[in-house]
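Peer 1: Numbered per the numbering used here, the sequence shown spans residues 2 to 293.
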Amino acid sequence: MKPSILFRAGSVAACFLYAAMPSESEAQPRGYNYDEAKVPEYRLPDPLVCLDGSKVTDAETWRAKRRPEVLRLFEDHVYGRSPGKPEEMRFEVVEEGAEALGGKAVRRQVVLHLGKGEKALAVNLLLYLPKGALKPSPGFLTLNFRGNHTTHADPGIRITKAWVPNDNGAKDHRATEAGRGARSSRWAIETIVSRGYAFGSIYCGDVDPDFHDGYKNGPHALFPPKDPAKRKPTDWASIAGWAWGLSRGLDYLETDGDVDATRVAVMGHSRLGKTSLWAGAADERFALVVSN
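#1: How about the stretch 173-183 and the stretch 112-121: do they share at least three Cβ pairs that are nearer than 8 Å?
#2: Rounded to a whole number of angstroms, what is the C-alpha to C-alpha distance between Leu132 and Ile190?
#3: For the candidate residues Gly81, Pro69, Tyr35 and Ala230, whose alpha-carbon lies nearest to that of Ile240?
#4: For Leu52, tell me which candidate among Arg68, Ala60, Arg91 and Val40 has the shortest Cα-Cα distance.
#5: Kindly indicate the opening and closing residues of the alpha helix (DSSP H) around Leu273.
#6: For Lys162, does the three-state DSSP call read helix, strand or coil?
#7: How is the alpha helix (DSSP H) around Asp207 delimited, first residue to last?
#8: Look at Val265 and Leu278 and say whether their C-beta atoms are less than 9 Å apart.
#9: In whole angstroms, what separates the C-alpha of Asn169 from that of Thr235?
#10: Among the residues of its own chain, which have a CB less than 6 Å from the CB of Glu96, if the five just before and after it don't count?
#11: Report, in whole angstroms, the separation of the C-beta atoms of Arg83 and Trp237, which I expect to be a contact under 8 Å.
#12: Decide if Ala289 is buried, meaning its Cβ has at least 16 other Cβ atoms within 10 Å, or exposed.
#13: Using alpha carbons as the reference points, say which of Gly54, Lys39 and Val40 lies closest to Pro46.
#14: Touching or not, the stretch 132-152 and the stretch 258-273, by the rule of three or more beta carbon pairs under 8 Å?
#15: DSSP state of Arg82, grouped into three classes?
#16: Lys56 by DSSP, collapsed to three states: which one?
#17: Could you pull out every residue in the same chain whose Cβ sits closer than 7 Å to the Cβ of Ala171, ignoring the five residues on either side in sequence?
#18: Tell me the rounded alpha-carbon separation between Arg249 and Leu49.
#19: Whose C-beta lies closer than 7 Å to the C-beta of Glu70 among residues of the same chain, with five residues either side of it excluded?
#20: Let me make sure I understand the geometry here. Which of Ser292, Ile160 and Ala282 has the alpha-carbon closest to that of Leu74?
#21: Given a cut-off of 9 Å, decide if Gly215 and Asp229 are closer than it, judged by their beta-carbon atoms.
#22: Which parts of the stretch 85-149 are runs of the alpha helix (DSSP H), unbroken and 4 residues or longer, counting only runs that do not cross its ends?
#23: Specify the secondary structure class of Leu223 as computed by DSSP and reduced to three states.
#24: Tell me the residue span of the alpha helix (DSSP H) that contains Asp252.
Below you can see the structure in the form of structure tokens.
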């Protein structure tokens, strides 16, 4: 990105960040330590010293040698190792609204069909494009916690059929019309679009439902280990799975002529903020990361 684009992107991102709001309940599990005084002594590796002891003194050494080492450390000790694209992947535009957001935007809804068979995923991408743009638009790609329909009151947004937590109008873990726009205050969609950017969002539960089932659903089912009963410490879990889903969203954006896929920022909040950080680190096609 050019500096001016980065400045504008940062300004829009700042509008997006969720101010004065409670944290996601899932981000505060019981039994974890939040007291710094109870953390045992540890020493973090120097990011500019390679595993063989040599120092990083130029950009080439960082990119070719040290960066892959640091990435592997995070894979092995934090997020797990993620696979690449599924062998079977196709995109289906299922809805388009030419006069969305009061005529400011084009609304496009796309299903990302990932994998095949009974374990295949159908991931729904909600995309808003600036109306009348003269060239492909840079944009933001995000994950949301409760369904695309909760990000805006737009009646044209499809309601997710995936498992959702029982809040924001959901009943028996199924989303309802009552949840439409329930979390719109957290999303500056109209501001983003009015400034010439595209906005895309995917419900994280479309990628990997936010409950523990022993890694039998979501993308983990597409790439099962040889022995599901013996997961390795380096096997991926939900954050890596969600980041993998963001990369699949970018795969689609690269095929959409209305989006400049070389200038897409990945953005998220809370655990999805951590997800956006990992997505941006693991997939360098993302031009910018905004983690709240």
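Ideal placement from N, C-alpha and C gives every residue a C-beta, glycine not left out.
Peer 2: According to the data block:
#1: no
#2: Your numbering for residue 132 matches position 131 in the sequence shown. Your numbering for residue 190 matches position 189 in the sequence shown. Residue identity differs from the one stated: residue 132 is Lys in this sequence, not Leu. Their backbone Cα atoms lie some 13 Å apart in a straight line.
#3: Residue 240 sits at position 239 when you count from the first residue of the sequence shown. The shortest C-alpha separation from Ile240 is found at Gly81.
#4: Locating residue 52 in the sequence shown gives position 51, counting from the first residue. Nearest to Leu52 by C-alpha distance, out of Arg68, Ala60, Arg91 and Val40, is Arg68.
#5: Numbered from 1 along the sequence shown, position 272 holds the residue referred to as residue 273. Counting along the chain, the alpha helix (DSSP H) containing Leu273 begins and ends at Arg272 to Ala283.
#6: In the sequence shown, counting from the first residue as 1, residue 162 sits at position 161. The answer is coil: DSSP assigns Lys162 none of H, G, I, E or B.
#7: Here the question's residue 207 lines up with position 206 in the sequence shown. Note, Asp207: alpha helix (DSSP H), Cys205 to Val208.
#8: One-based indexing of the sequence shown puts residue 265 at position 264. One-based indexing of the sequence shown puts residue 278 at position 277. Not a contact, by the Cβ cut-off of 9 Å.
#9: Indexing the sequence shown from 1 puts residue 169 at position 168. Indexing the sequence shown from 1 puts residue 235 at position 234. About 35 Å.
#10: Start at 1 with the first residue of the sequence shown, and residue 96 comes out as number 95. If we look at Glu96 and ignore the five residues flanking it on each side, its Cβ neighbours are Gln110.
#11: Stepping through the sequence shown from its first residue, residue 83 is reached at position 82. Stepping through the sequence shown from its first residue, residue 237 is reached at position 236. In the sequence on display, residue 83 carries Ser and not Arg. Ser83 to Trp237, Cβ: 5 Å. Contact.
#12: In the sequence shown, the residue the question calls residue 289 occupies position 288. The amino acid at residue 289 is misidentified as Ala; the sequence shows Leu. Buried: at least 16 other Cβ atoms inside 10 Å.
#13: Taking the sequence shown and counting its residues from 1, the one referred to as residue 46 is at position 45. It is Gly54.
#14: Yes, they touch.
#15: Here residue 82 corresponds to residue number 81 of the sequence shown, with the count starting at 1. If DSSP states are grouped into helix, strand and coil, Arg82 belongs with the strands.
#16: Along the sequence shown, one-based indexing puts residue 56 at 55. Looking at Lys56 - three-state DSSP - the assignment turns out to be strand.
#17: As a working mapping, residue 171 is identified with position 170 in the sequence shown. Val165, Thr177 and Gly180.
#18: Here residue 249 refers to the residue found at position 248 when the sequence shown is read from its first residue. Here residue 49 refers to the residue found at position 48 when the sequence shown is read from its first residue. Computed Cα separation, rounded: 31 Å.
#19: Looking up residue 70 in the sequence shown gives position 69. So the list reads Cys51 and Leu52, once near-sequence residues are dropped.
#20: Here residue 74 refers to the residue found at position 73 when the sequence shown is read from its first residue. Each of Ser292, Ile160 and Ala282 was checked against the Cα of Leu74, and the nearest Cα belongs to Ala282.
#21: Within the sequence shown, numbered from 1, the residue matching residue 229 stands at position 228. Within the sequence shown, numbered from 1, the residue matching residue 215 stands at position 214. In the sequence on display, residue 229 carries Pro and not Asp. In this structure, the beta-carbon distance from Pro229 to Gly215 falls below 9 Å.
#22: 101-104
#23: Numbered from 1 along the sequence shown, position 222 holds the residue referred to as residue 223. Looking at Leu223 - three-state DSSP - the assignment turns out to be coil, as it is neither helix nor strand.
#24: To locate residue 252, count along the sequence shown from 1; it is residue 251. Taken as a continuous stretch (DSSP letters only), the alpha helix (DSSP H) holding Asp252 covers Ser239 to Leu254.
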